[in-house]
Amino acid sequence: MALPASSSFNEMITEVTDLVGAPSVSRPWRISTAGGRLVDPSAPLSATQLVDGSVVLLSPSEELPAPVIRDSAEALIASGSEHSARGIMQLWINGALIALGAVVGFLTPTHLAGSIALAGASIAVAATVLAVWHRGLRLGWLIIIAASLAAGIGVAGWPMDSVRDFSLGLYAAALTCALVGLGCHVLNIAHVRTTSAAVLCAVFLVIAGLSVPRSAGTVIAAAVIVLASAPGLATAVAGLRVPQLPTAGQDLSVSDTLVDNVDQRSQRAHFIYEGLCLGLSMFTLPALAHVAITSATTPVVSTLLALMLCVSLLLHAARHRQVVVLWSLMVLALAAALCAPAAVAVADYHGQVPVILWIVASIPLLAAVTSPWWAPRIHSASPTTLRWAERCEAIALVLCLPMAAHLAGLFEFIRGLG
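Structural data, given as structure tokens:
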């Protein structure tokens, strides 16, 4: 297209758009070169950077927001976070309930165990009333923990005089934990996640009470079993089942049975599994700490148990994307990694241990320090590598069982039978 050099684009834009068949737009045209350089539409073509044979692009102009000029104070306000803080009222209510319960227990003219039990019962009752009165408060955990502590201390006494008293206290705490957790679920003041965690903690309390004074090994063995069976257990409790395909000669109606409310049941299964992982992490942490503290006579077994548990938890957590599950398992894996050198340190304090045990116990810590270099490559791992990781997870889980049984005294019990 030949254009007069003495005219501007503003004078010729109507004829130009008609010739090229451009659609009509409500915004002014933006004129630029092929390189994106703007051309002044009011200047004659001879005064622009266009030459013979130049390519000109026409496009509707874009409305750009006007620049906002702020002073220092306005810039600080604009750069601040717009999200409001959450959980402040919840924090104050929890702290106030605990403090008021402690005041009630302190003012009671009785022995220490009675004061602690009364304080826990007061906290549980007050928190229940608040949770029923105001449904937005999340006080399920506080109610369950306070009631279980009150029942356990009230039955066992403080200080505890014998192993039998400690076992009875654990049984009382387990029964209270299960009943209060289910009661909170019935009253709709506790989440499904909280209820499943409370029931699992009650089971762990019973197991610990049956194996006193070697409860740590028994609890870890039970935790390994729960970790392996938790997905199937969660789906079964939620009412989900795998669709069945009829075998040869079987009635075809087997595959026609559908599960009602599949979406709700799937969501409930996720919450139940998160609660199981939370309860597993909460109860296995003190068991690992007890194993590390009492590792003077079994340094090798205690260290290897912590290492195998760390490996199995890491590989198992790597397959999950749920935040609660991932954090629960990762925190427990970190605790196991820290308990391995702690167990060696306790054993070395009571007697010399070989240097190789120190090196083996420090492997997870060295891997964690170097994780910025190797962790990004996990996302591009081949299917064969992932398959071998699953096998390593299964092997580590299986190896945890005999070592936990050794710490629980199972082999000594079997030898004593002969």
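Mapping of the sequence shown onto numbering that gives the first Met the number 0: position 283 corresponds to residue 282, and the numbering continues sequentially without gaps. Just so it is clear, CB atoms sit at the ideal spot from N, CA and C, and this is done for glycine as well.
Spatial distance of residue i from residue j (CA atoms)
i: A163; j: V154; result: For the record, residue 163 in the displayed sequence is Arg; it is not Ala. Spanning the two alpha carbons is a distance of roughly 11 Å.
i: S195; j: G278; result: 8 Å
i: F410; j: A215; result: 15 Å
i: A360; j: A77; result: 50 Å
i: R318; j: H184; result: 30 Å
i: Y170; j: T246; result: 47 Å
i: S83; j: G208; result: 45 Å
i: L356; j: D347; result: 10 Å
i: S7; j: P40; result: 6 Å
i: A393; j: R320; result: 20 Å
i: F412; j: Q266; result: 44 Å
i: A407; j: A177; result: 25 Å
i: H133; j: A172; result: 27 Å
i: P382; j: I358; result: 31 Å
i: E428; j: R85; result: In the structure as shown, the chain begins at 0 and stops at 417. Residue 428 is therefore absent and cannot be evaluated.
i: A366; j: L75; result: 41 Å
i: P62; j: I377; result: Contrary to the premise, residue 62 reads as Glu rather than Pro in this sequence. Rounded to the nearest angstrom, the two C-alpha atoms are 45 Å apart.
i: C309; j: L287; result: 11 Å
i: R386; j: S379; result: 14 Å
i: D250; j: L244; result: 10 Å
i: S161; j: S114; result: 20 Å
i: T47; j: R69; result: 36 Å
i: V397; j: A227; result: 10 Å
i: I12; j: P66; result: 29 Å
i: V241; j: G231; result: 10 Å
i: T16; j: G35; result: 19 Å
8 Å contact criterion, which residue i and residue j should meet: CB distance rounded
i: A189; j: G139; result: 3 Å
i: G168; j: G180; result: No, G168 and G180 are not in contact; Cβ-Cβ is about 18 Å, not under 8 Å.
i: C399; j: V223; result: 5 Å
i: L141; j: I122; result: 7 Å
i: S311; j: A395; result: 4 Å
i: T32; j: V24; result: With a Cβ gap of about 20 Å, T32 and V24 do not count as contacting.
Beta-carbon proximity of residue i to residue j, cut-off 8 Å
i: P363; j: A336; result: yes
i: L90; j: V103; result: no
i: V352; j: F282; result: no
i: L313; j: A332; result: yes
i: V211; j: F165; result: yes
i: C276; j: V323; result: yes
i: L239; j: R213; result: no
i: L328; j: S280; result: yes
i: A305; j: A339; result: yes
i: G156; j: A101; result: no
i: L148; j: A125; result: no
i: I30; j: V54; result: no
i: W28; j: S71; result: no
i: L325; j: A334; result: no
i: V330; j: I271; result: no
i: I87; j: L136; result: no
Closest Cα partner of residue i within the set the options
i: P22; options: A388, S294 and L57; result: L57
i: L186; options: G238, A130, F8 and R390; result: A130
i: E273; options: L2, P285, V198 and N93; result: V198
i: G119; options: R137, I97, P108 and L136; result: I97
i: L18; options: M0, S7, S25 and A367; result: M0
i: A4; options: R36, L49 and V330; result: L49
i: C200; options: G216, V225 and A46; result: V225
i: T127; options: S114, L111, A112 and A145; result: A145
i: P285; options: F203, L111, Q321 and D259; result: F203
i: E425; options: L44, V24 and T32; result: Residue 425 lies beyond the range of the chain shown here (0 to 417); nothing can be said about it.
i: M307; options: N260, M402 and L385; result: M402
i: D51; options: S379, L287 and L2; result: L2
i: T175; options: M159, P158, I143 and S161; result: I143
i: I292; options: D250, T47, G415 and H349; result: H349
i: S294; options: H405, P66, M159 and G182; result: H405
i: M159; options: V261, H110 and V236; result: H110
The ligand FMN heavy atom lying under 7 Å from the CB of residue i
i: G231; result: For the structure depicted, the ligand FMN is absent and the ligand set is empty, with no information on it obtainable.
The stretch 336–349 in contact with the stretch 298–309 per 3-pair CB rule at 8 Å: At 8 Å Cβ cutoff, the stretches touch.
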